[in-house]
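Residues 527 to 1016 (the working numbering) make up the sequence shown, in order.
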Amino acid sequence: MSAEQRPNVLIFAATFVCGALVYAATRGSATDTRTPAPPPAVERSTAQDLAREFRIVAKRLAPAVVSITTERLQRNQSPWSMVFGRPGVEEIKRSFGTGFVVDPAGHVVTNHHVVSGVSQVLVRFHDGQEVRAQVVGTDPLSDLALLQLPQRPIRYPTVEFGDSDSVDVGDWVLAIGSPFGLDHTVTAGIVSAKGRSRVGIAAYEDFIQTDVAINPGNSGGPLVNLAGQVVGVTTAIASENGSYQGIGFAIPTRMTREVIHALREDKRVIRGWLGVALQDVSPSFAYRMGYGRRPGAMVVRVNPETPASRANLAVGDLIVALDDEAISDATHLQNLIAQSKPVRGPEQAESARATKLVELQVVRANQPTPMTVQVTLEEREQPEQRVQDVTTKAEVGVEVSPLSDRLRRRFGWTPDAEGVVIVRVDPGSLAAVNGIRPGMVLQAVNGQPIYSVVDLQKALGGDLASRLSTEGVVLQVWDGALSHFLWLKL
């Protein structure tokens, strides 16, 4: 998040505050001249105690929280320059963010998106002192970055990290940052939720959700508990207009510490990699698939020549635990695999692939199947792929056909593709809202392979409407890249 129009924002805020003051003064003089009764002593004491805690935390952290101004060169192309082939005009674009000092040597944590692609980083302390910082390294997959301040004989003031796992929903937290370029703004709120993922901010997500006021310019600042300890890094907001609407997200310190250490030591983050695409499985879906009521992550694709393929993981396997830790969903497994950092043995050559053995508990064909997998270093820029769950409504409505040569050409299928192809999906039908599209190949129904239209008729025989309204039907469809397991239920 960045802020670039401070005057407009300030004018709007000043207008709003002035209007509120006039309204309050007019109403107070016109309607009631009596002095309001003071609040009960207990309530007043509690509020004063809380305010005192806020003041203590704000003062304690002020020296270690910095405002960040970045500059990047941007070439603006006008329509005329494009027509006549003239180069655009280079302009300096300034953006604002926040950071905090994490060690006496002057390392500063902020967000990747605050410093990505910039030509200059200027850091300003609460006393007005300004220095230039260098980017040590960034990690776009977690949206974290590490900066280095100039060396000096006096040690830099630092923050203290807290345990983000100990934070509970309802806990008071403070955010310190520079919203709209307003340095060292302190806002207060509570923890609204933990473990938020699939927000679309970063590849690795495990956010603390908060209702603390977070606005453009807060990015990279600390989220702090009442003990004055940093429990998160404010990163983004969910908003329809780009400003605070009560939903903000912070990266927990558990993840932040790991990334900081990696950036400080190696200037990059090395993660474990399995080589699969995963889908969430709820307890009810797992029960319908015959896996009991254990949640987990279902394998919907196994990439060739990967740790997963070498361990013989297969599409349809349900991973329910890793090293005895139960798996709640695909994001949970993805993060655990990433944290399983592979290492080389002391006798291995430098060219040898670093690995780490992990134990997976897999359910296959309704049977528990323990597996040992050699996790390797991540071999691509993206983590294990996750497939979104979809809701189920309306009525089933598809038309299928055998995979003829004409349909193979129409939908781009190779000769080795097997099953029946979906040629039409009724708008608003149960199939449509589950993401089924024309061109997908229907591979199985309730685990029963489908090779022909006759197989499909047998699998869906009987009172289909009754089955859809009770236990539902599980379809396995292939889109050319991933298998999707869809539970169709009215």
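Where is the CB? At the ideal position from N, CA and C, for every residue including glycine.
Judged by DSSP in its simplified three-state form, P705 adopts helix.
Q860 sits in a helix when the DSSP states are folded into three classes. The criterion of a C-beta distance shorter than 8 Å is satisfied by V695 and K720.
DSSP lists A701, G758 as the beta-bridge partner residues of L749. Straight-line spacing of the CA atoms in D855 and Q865 works out to 16 Å. Using a Cβ distance threshold of 8 Å, L982 and V926 count as a contacting pair. For L670, the three-state secondary structure derived from DSSP is strand. Excluding the 5 residues flanking it on each side, N861 has same chain C-beta neighbours closer than 7 Å at Y730, D732, in chain order. In the same chain as F811, and ignoring 5 residues on each side of it, the C-beta atoms closer than 6 Å to its own belong to W1013, in chain order. Put simply, the backbone Cα of I680 is about 14 Å away from that of V657.
DSSP places T595 in the strand class (E or B) of the three-state scheme.
Ranking V634, L599, L844 by CA distance to the CA of G818 puts L844 first. In this structure, A762 lies away from I716, with their beta-carbon atoms at least 8 Å apart.
Secondary structure at L576: helix, using DSSP grouped into helix, strand and coil. Annotated three-state conformation of D691 is helix, per DSSP. For I734, the enclosing beta strand (DSSP E) covers residues 733–736. Under the three-pair Cβ rule at 8 Å, the stretch 666–675 counts as touching the stretch 623–636.
Non-local C-beta neighbours of Q660 in its own chain, meaning closer than 8 Å and more than five positions away in sequence, comprise V647, L673, Q674, ordered along the chain. In this structure H710 is not in contact with L670, their Cβ atoms being roughly 22 Å apart against a cut-off of 8 Å. According to DSSP, residue pairing for R890 in a beta bridge involves Q893.
With a cutoff of 8 Å on beta-carbon distance, V825 and L804 are scored as near each other. Remark: C-beta atoms of L800 and V901 approach each other more closely than 8 Å. Inside the stretch 925–990, DSSP marks whole beta strand (DSSP E) runs of 3 or more residues at positions 946–951, 967–971, from first to last along the chain.
When DSSP states are grouped into helix, strand and coil, I777 belongs to the strand group.
The continuous beta strand (DSSP E) containing S718 extends over residues 711–722. Nearest to I734 by C-alpha distance, out of S692, G703, V583, is S692.
The distance from the Cβ of I962 to that of V1003 is about 6 Å, consistent with a contact at the 8 Å cut-off. Closest by C-alpha distance to V841, out of Q969, E766, V949, L956, is Q969.
Partner residues in a beta bridge of L789, as assigned by DSSP, do not exist. Scanning its chain for C-beta atoms nearer than 6 Å, with the 5 sequence neighbours on each side dropped, one finds around D952 the residues G923, in chain order. When the Cα atoms are used, P748 and Y682 turn out to be separated by approximately 17 Å. The beta carbon of R827 sits closer than 6 Å to the beta carbons of A803, L1008 from its chain, once the five residues preceding and following it are set aside; these are given in chain order. Secondary structure note for S1009: its beta strand (DSSP E) is the uninterrupted segment 1009–1014. Residue pairing by DSSP places A847 opposite A852, Q887 in a beta bridge. Spanning the alpha carbons of K984 and P809 requires a straight line of approximately 27 Å. The C-alpha of P778 is placed about 41 Å away from the C-alpha of V971.
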